[in-house]
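Scroll down for the structure; my scribbles are underneath it.
Numbering (the numbering used here), first residue to last: 231 to 339.
Now the structure itself:
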């Protein structure tokens with residue numbers, strides 16, 4: 231069983247001790263992401279475990295499939311993780327903030 235939460239189950243704003251881990255590809259991240267999120271694409275996650283913070287993490291992707299894989303993997307490694315069902319599409323659909331590093335108008339790609 232993969233720990234999962236829907237956007238309706240997330241407090242707004244998120245708790246300060248919760249890290250948002252975005253496992254989408256670089257082009258998706260560039261288009262728009264959650265403020266303060268940590269970006270580690272799913273394909274490189276196993277070699278970047280040392281970059282993960284301690285504590286709770288909310289794992290996100292576009293719709294929830296890749297983040298479910300990451301959540302399962304990270305849970306097996308002993309991390310305290312939960313998958314966002316519906317991913318960044320539901321995040322944006324609920325009016326949660328999106329930002330870009332470039333200053334362009336953010337969107338979910």
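Idealized CB from N, CA, C, for every residue including glycine.
Just so we're clear, the structure is a prediction, and the values are computed from it rather than from any experiment.
Next item on the list: Determine the closest residue to residue 314 out of 327, 293 and 332, with distance taken between C-alpha atoms.
Entry: Minimum Cα distance to residue 314 is reached at 293.
Note to self: If you reduce the DSSP assignment to three classes, tell me which class residue 302 lands in.
What the structure shows: helix
Next item on the list: Measure the alpha-carbon distance for residue 244 versus residue 317 and round it to whole angstroms.
Entry: When only Cα atoms are considered, residue 244 and residue 317 end up about 15 Å apart.
Next item on the list: Would you tell me roughly how many angstroms separate the C-alpha atoms of residue 310 and residue 300, rounded to the nearest one?
Entry: About 12 Å.
Margin query: Under 7 Å, Cβ to Cβ, is there at least one residue of chain C near residue 241?
Written below: The structure shown contains no chain C; it holds only a single protein chain.
Next item on the list: Let me know the secondary structure DSSP gives residue 328 once reduced to three states.
Entry: If DSSP states are grouped into helix, strand and coil, residue 328 belongs with coil.
Margin query: Distance check for residue 304 and residue 338, CA to CA, integer angstroms please.
Written below: 24 Å
Next item on the list: Find the nearest neighbour of residue 329 within the set 233, 252 and 283, judged by alpha-carbon distance.
Entry: 252
Checklist line | Boundaries of the beta strand (DSSP E) in which residue 310 is found, first to last residue | finding: Element bounds for residue 310: 310-314.
Check: In chain order, what residues of the same chain lie with their CB nearer than 7 Å to the CB of residue 297, ignoring the 5 residues before and after it?
Finding: 253, 289, 290, 291, 313, 314 and 317
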